[in-house]
Each structure stands twice: as structure tokens, then as C-alpha cells.
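*Asks:*
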Amino acid sequence: MRLIKSILRPNKVDDVREALEKMNIPGMTVTEVRGHGRQKGHTAIYRGKEYNVTLLPKVEIEVVVQDNVVDDVIAAIVKAARTGEIGDGRVFVMPVEHSYNIRTGERDT
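Given below as C-alpha cells:
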């Protein structure tokens with residue numbers, strides 16, 4: 132199994148969720164996060180004063196999938212989240228050794 136973590140623009144969450152639902156991915160975790168990469172933030176004006184916004188709002192989506200669908204899931208996420216501009220996000224893939232169901236205590240395969 133693999134844990135796929137995607138950090139993307141907030142306005143792309145529904146597009147990614149729909150793409151994953153079409154692939155029958157059963158669940159995901161969505162977290163609001165802040166950060167920056169090459170985008171570096173921007174200058175904003177609030178009540179007439181200018182200030183720098185260096186940590187931009189992003190959304191992190193986490194899904195755990197079987198090894199045989201990892202490439203397809205990554206392709207679906209990238210296609211759904213891409214705008215072609217700086218700040219579209221990143222996808223990270225990590226191995227998952229074990230998974231346990233808290234309610235039953237069973238180890239997932």
C-alpha cells in the first residue's frame with residue numbers, strides 16, 4: 132500500500148475528489164494547510180496598509196491505495212489539479228506497512 136499526499140489549490144479540491152470517486156477510491160482525508168514553494172506569496176492591502184502574505188492557503192488530500200493503482204491515482208490527481216501556473220501543488224508518495232481498523236482491531240491487507 133502507498134500513502135499519496137497531495138498539496139493543491141483550495142479551488143481544485145472538488146475536481147480532485149470527483150476524479151478519485153470515478154476511480155472508486157473509498158476514502159480520503161482533507162486538511163487545510165498553509166505554505167509556499169516557488170510561488171513565494173504575494174503583497175496584499177488590508178485597511179489601507181500593504182503587507183506580505185508569505186504562507187498561502189492550500190489543501191492537503193491524503194489517500195491510501197493499493198500498489199497496483201498508484202500511478203493511475205497520481206495521474207488523476209495531477210490532471211484534476213493542474214492549472215499550468217506556479218502554485219498548482221505537489222504529490223508525495225510514501226509506503227504504508229500496515230493499516231488497522233480501529234473499530235474491529237483487524238489488520239488490513
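FYI, in the working numbering the residues of the sequence shown are 132 to 240. Backbone N, C-alpha and C fix where the C-beta goes; we use that ideal spot for every residue, glycine too.
Starting from Arg221 and walking both ways along the alpha helix (DSSP H), at which residues does that stretch end?
*Replies:* Stepping through the sequence shown from its first residue, residue 221 is reached at position 90. Taken as a continuous stretch (DSSP letters only), Arg221 belongs to no alpha helix (DSSP H), being part of the beta strand (DSSP E) at 220-226.
*Asks:* Looking at Arg169: is its Cβ nearer than 9 Å to the Cβ of Val161?
*Replies:* The sequence position of residue 169 within the sequence shown is 38, counting from 1. The sequence position of residue 161 within the sequence shown is 30, counting from 1. No. Outside cutoff.
*Asks:* List the residues that DSSP assigns as beta-bridge partners of Ile135.
*Replies:* Position 4 of the sequence shown, counted from the start, is the residue given in the question as residue 135. Partner(s): Val194, Val224.
*Asks:* Quick one: what's got a C-beta closer than 8 Å to Leu186's C-beta in the same chain, skipping five residues either side?
*Replies:* Walking along the sequence shown from the start, residue 186 turns up at place 55. Excluding positions up to five away in sequence, the list reads Arg165, Gly166, His167, Gly172.
*Asks:* Which value, in whole angstroms, describes the spacing of the CA atoms of Gly158 and Ile135?
*Replies:* Position 27 of the sequence shown, counted from the start, is the residue given in the question as residue 158. Position 4 of the sequence shown, counted from the start, is the residue given in the question as residue 135. Straight-line Cα distance between these residues: approximately 12 Å.
*Asks:* Quick one, which of Gly220, Pro226, Gly236, Thr235 has its alpha-carbon nearest Ser137's?
*Replies:* As a first step, residue 137 is located in the sequence shown; it is residue number 6 there, counting from the start. Nearest option by C-alpha distance: Gly220.
*Asks:* Under 8 Å by Cβ, that's how I've got Met132 and Val195 pegged, so tell me the actual separation to the nearest angstrom.
*Replies:* For the purposes of this step, residue 132 is taken as the residue at position 1 of the sequence shown. For the purposes of this step, residue 195 is taken as the residue at position 64 of the sequence shown. Correct: roughly 6 Å between the Cβ atoms.
*Asks:* Can you tell me whether Lys143 is buried or exposed? The criterion is at least 16 other CB atoms within 10 Å of its CB, across all chains shown.
*Replies:* As a working mapping, residue 143 is identified with position 12 in the sequence shown. Its Cβ being crowded by 16 or more others within 10 Å, Lys143 is buried.
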